[in-house]
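Numbering (the numbering used here), first residue to last: 3 to 272. Worksheet: the structure to be examined is printed underneath.
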Ligand code: 1HA
């Protein structure tokens, strides 16, 4: 595919092709471990994707073919979080996780090689995961003095079940692509050389679908799991649809025209 850059960043690549955006961690020398800056850049790229009405689906990936992401960069892990150039420790990947779940467009993880630790959680929170046959999955928290008890625990357990999720975290084993697919953690496994082609084919299929239907479905899947925040997303979409109706426009028009609204012509559906 002929990817066109959207914006220059230091630690990620951000490009687009025919309505598909690609956010790719570009630190292959450390298996695409993230720093606070990497995460901040991904957050900004994701926000651009949210606002651009011509982008319908987002691919999250890592450069180099040997790793999706190996989690937080342990060499910048300081007292209380991962330390950036401003010397402030942060755990800002948690904001990115929430953003991936709440952006009203499908996010597809394209995984080659390692998806480990906080990098594993990033693929877990994506809508779909396409994996290359060299992909390896796992959590490392209890080995390296960390844990993600948020989506990394509870949403993982929703996907693979309680027993398996506890195994993944308590033993810190690594699982190959086929094992991940069997647990429902991966949608499809393909040879590495077919990874981008297959991911693009899935994205193109998604792009042919009704964007509002996809938006409603994503917030519907989230609603049950995300409590008040999930209901807020779903209800926000209901408001969006209502704003598109003549009935809602009558309310606005009446206010602007300084008259009483006349809702009498609108049906009271059974
Ligand atoms: O748990 C959280 C959070 C929880 C709550 C809120 C926020 C959170 C944010 C983050 C995280 C975490 O991500 S904790 C988990 C952090 N990640 C890890 O523990 C994985 C560390 N890496 C590995 O275990 C291995 O590198 C590997 C199994 C992925 C691959 O092994 P392999 O093939 O033997 O490669 P290796 O030689 O280890 O790695 C290549 C280079 O990349 C090495 O550097 P070099 O010796 O060439 O200078 C290695 O040090 C570096 N590297 C790999 N992963 C990381 C890393 N450097 C820094 N941080 C890494 N995560």
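Backbone N, C-alpha and C fix where the C-beta goes; we use that ideal spot for every residue, glycine too.
Extent of the continuous beta strand (DSSP E) run through residue i
i           : result
residue 131 : 130-134
residue 139 : 138-140
heavy atom of ligand 1 below 8 angstroms from residue i C-beta
i           : result
residue 162 : no
residue 145 : yes
residue 104 : no
residue 101 : no
residue 176 : yes
residue 119 : yes
residue 116 : yes
residue 148 : yes
residue 84  : yes
residue 152 : yes
Residue i, DSSP secondary structure in three states
i           : result
residue 120 : helix
residue 26  : strand
residue 82  : coil
residue 17  : strand
residue 229 : helix
residue 103 : helix
residue 253 : helix
residue 113 : strand
residue 36  : strand
residue 320 : In the structure displayed, the chain extends from 3 to 272; residue 320 sits before or after that span and is not available.
residue 272 : coil
residue 6   : strand
residue 263 : coil
Residue i versus the options, residue with shortest Cα-Cα distance
i           : options            : result
residue 193 : 166, 154, 137      : 137
residue 345 : 78, 123, 135       : Residue 345 lies beyond the residue range present for the chain, which begins at 3 and ends at 272; the question has no answer from this structure.
residue 14  : 92, 76, 38         : 38
residue 90  : 213, 186, 78       : 78
residue 125 : 179, 83, 219       : 179
residue 148 : 188, 118, 186      : 118
residue 48  : 24, 33, 65         : 24
residue 270 : 258, 249, 263      : 249
residue 5   : 265, 243, 230, 199 : 199
residue 59  : 242, 237, 201, 253 : 201
residue 186 : 242, 170, 172, 163 : 163
residue 51  : 252, 220, 16       : 16
Discussion item. In chain order, what are the residue ranges of uninterrupted beta strand (DSSP E) at least 3 long that sit wholly in the segment 146-216?
Written reply: 190-192
Worksheet item: At which residue ranges does the segment 46-71 contain complete beta strand (DSSP E) runs of 3 or more residues, listed in the order of the chain?
Response: 59-64, 69-71
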